[in-house]
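Residue numbers (full-length UniProt numbering): 1 to 355.
Some notes on the structure that comes next.
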């Protein structure tokens with residue numbers, strides 16, 4: 001079996017289980033200081049309706065009559081926003097509902113049962129935390145599980161929850177459906193950028209894929225904690241499914257944060273750092289964060305699609321066309337080591353790669 005992609009990239013320091021901690025807190029003053037984040041409410045948040053995320057109709061991308069118009073909308077969304085909602089994507093409702101139900105049931109399990117799938121030493125895969133690199137670091141109010149889903153030979157099935165009984169089948173089915181959606185989106189993006197689709201196909205060959213399943217407990221000091229620190233994604237393309245109806249995703253645009261309101265059945269798509277670099281900054285990897293609800297838990301599953309592990313990532317010649325490249329070229333392995341070696345900190349890594 002091939003070595004799982006996220007082995008050897010580092011590990012995350014063990015910190016308190018946030019779900020268990022949240023269940024034990026009776027008083028707001030009991031929230032540990034390491035979780036209190038003054039910046040959580042320091043930045044302005046846009047008013048409802050001030051900005052609306054672009055909506056892309058996947059079925060129109062596939063339709064010969066509407067594909068040109070919808071492709072142009074997709075290009076605008078990737079270049080101006082870096083985020084969009086994807087509707088009519090063709091992922092069967094049953095696949096999404098089974099995945100959501102099994103995620104909910106997993107986080108209902110006793111802590112000791114969940115710990116059976118904990119991260120192994122020197123690995124980021126499994127149940128636990130990520131991006132905790134020092135003992136005095138401020139912490140996110142969340143627990144997570146990261147699992148490699150593609151290539152198939154890279155799956156560490158022992159870390160895939162055996163409870164609920166349908167979890168492994170649900171994740172296998174769901175991740176395969178999203179592979180198909182991501183493949184189509186990458187092909188259209190390549191054409192929009194003036195890149196031969198086969199070049200993107202080579203870079204994203206076999207579509208390496210992983211999922212991060214997020215559990216954000218409620219917190220009595222919700223406006224003073226963060227579920228996930230501001231960051232960009234180290235992937236090529238991310239597809240997020242909201243598991244329950246509690247909102248919490250913020251994206252930064254024009255200096256403001258604003259809340260994303262997922263449409264029923266939609267996937268939230270965003271450009272990752274890899275495509276920003278490949279496109280020489282034409283497509284944007286946008287800073288985003290997760291906030292916390294005071295009364296209700298929030299759950300989500302993010303599916304990341306990345307390039308081949310042996311890829312060298314840099315601005316593509318067809319896009320640069322004689323202009324100055326904006327980013328250095330870097331092996332994907334070195335990029336990922338840099339990405340996971342520090343805490344999440346906005347666009348810090350991307351800025352460091354600029355020429």
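All C-beta atoms in this analysis are idealised placements derived from N, C-alpha and C, irrespective of residue type, glycine included.
Keep in mind the model is a prediction, meaning the values are calculated, not measured.
- In this structure residue 170 touches residue 102 by the C-beta definition: roughly 5 Å separates them, less than 8 Å.
- DSSP places residue 28 in the helix class (H, G or I) of the three-state scheme.
- In the DSSP assignment, residue 75 forms no beta bridge with any residue.
- For residue 323, there is no enclosing beta strand (DSSP E), as DSSP marks it with neither H nor E.
- Judged by DSSP in its simplified three-state form, residue 210 adopts strand.
- When the Cα atoms are used, residue 73 and residue 265 turn out to be separated by approximately 20 Å.
- In this structure residue 43 is exposed. Its beta-carbon is surrounded by fewer than 16 other beta-carbon atoms within 10 angstroms.
- Residue 253: member of the beta strand (DSSP E) spanning 249-253, first to last residue.
- Residue 102 carries a helical assignment under DSSP once its states are collapsed to helix, strand and coil.
- The residue from 107, 17, 16, 307 with its alpha-carbon nearest to that of residue 277 is 307.
- One thing to note: residue 167 has its Cβ no nearer than 8 Å to the Cβ of residue 186.
- When DSSP states are grouped into helix, strand and coil, residue 220 belongs to the coil group.
- If you check the CB distance, residue 346 and residue 327 do not come in under 8 Å.
- Counting only runs of 4 or more residues that sit fully inside the segment 153-203, the alpha helix (DSSP H) segments are 167-192, 197-203, in chain order.
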